[in-house]
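Here's the structure, in structure tokens; my notes come after.
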Amino acid sequence: SKDVRLARASMPLDEKKLTEAKEEFKRILTHAELEKSVTTQTLHTLSAIELELGNLAEAETYILSLLKTLDAEDNPNSAYISLAQIALQRNDKSAADAWLAKIPEAHEDSAGNKLTKTSAEQRKLWFGVQMRRALIMASDVRHTAARQFLQTIPAQTESEEMRIVQTEAQIM
């Protein structure tokens, strides 16, 4: 059964036998493709294994496939963050910023319609991503652009105001 294969594939991950796990998850993926039932969990796990093994191109391929399988209600934020990490490992700061820029303040469907009111968790993620984007800009010797970008971010709490000030201090 599919659940048994997933459990068996996950076991080597605990033992850091990533290559074995990768092969098992590839078998699961092949079987799922034949049944036209590819799961986001399988694609996400394969991308994580490839990232751990340093295979950026393969990890990127799995993440892009994962994005194609998501339903409109699914949250793609972790995929965008992973793609940004891959871009940073390739020293492509513009691509990293572009992936992070896709993370919305509120959960949206593929057409950009807000599905829910912004949760505190989503706001925290979004705000942290904005701070990271400013630091990426600054590390790409775009200090002025980074500082201007920070000024566009509305702080909703005193804590957020403080983080903006701290991030700007890091940039200078």
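As numbered in the numbering used here, the sequence shown has no gaps in its residue numbers, which increase by one up to the final residue, 1213. Backbone N, C-alpha and C fix where the C-beta goes; we use that ideal spot for every residue, glycine too.
| query | result |
| --- | --- |
| Touching by the beta-carbon criterion (3+ pairs, under 8 Å), the region 1177–1192 and the region 1132–1143 | yes |
| Nearest residue (CA-CA) to Y1035, options S1106, I1144 and E1114 | What is shown of the chain runs 1042 to 1213, which leaves residue 1035 out entirely. |
| Buried or exposed by the 16-neighbour rule on C-beta atoms within 10 Å, applied to M1178 | buried |
| Other residues of its chain near N1118: CB distance less than 6 Å, five sequence neighbours each side excluded | I1144 |
| Neighbourhood of L1094 by C-beta distance below 8 Å, restricted to the same chain and skipping five residues each side | L1059, T1060 and K1063 |
| Where R1204 falls: helix, strand or coil (DSSP) | helix |
| Backbone CA spacing between Y1103 and T1110 [nearest angstrom] | 11 Å |
| D1133 (DSSP reduced to helix, strand or coil) | coil |
| Under 7 Å between C-beta atoms of I1212 and A1196 | no |
| Residue interval of the alpha helix (DSSP H) (run including I1090) | T1081 to L1094 |
| Residue interval of the alpha helix (DSSP H) (run including T1110) | L1097 to T1110 |
| Option in S1106, A1098 and R1173 with minimal Cα separation from T1080 | S1106 |
| Integer Cβ distance of A1175 from L1191, believed to fall under 8 Å | 5 Å |
| Integer Cβ distance of T1083 from L1070, believed to fall under 8 Å | 5 Å |
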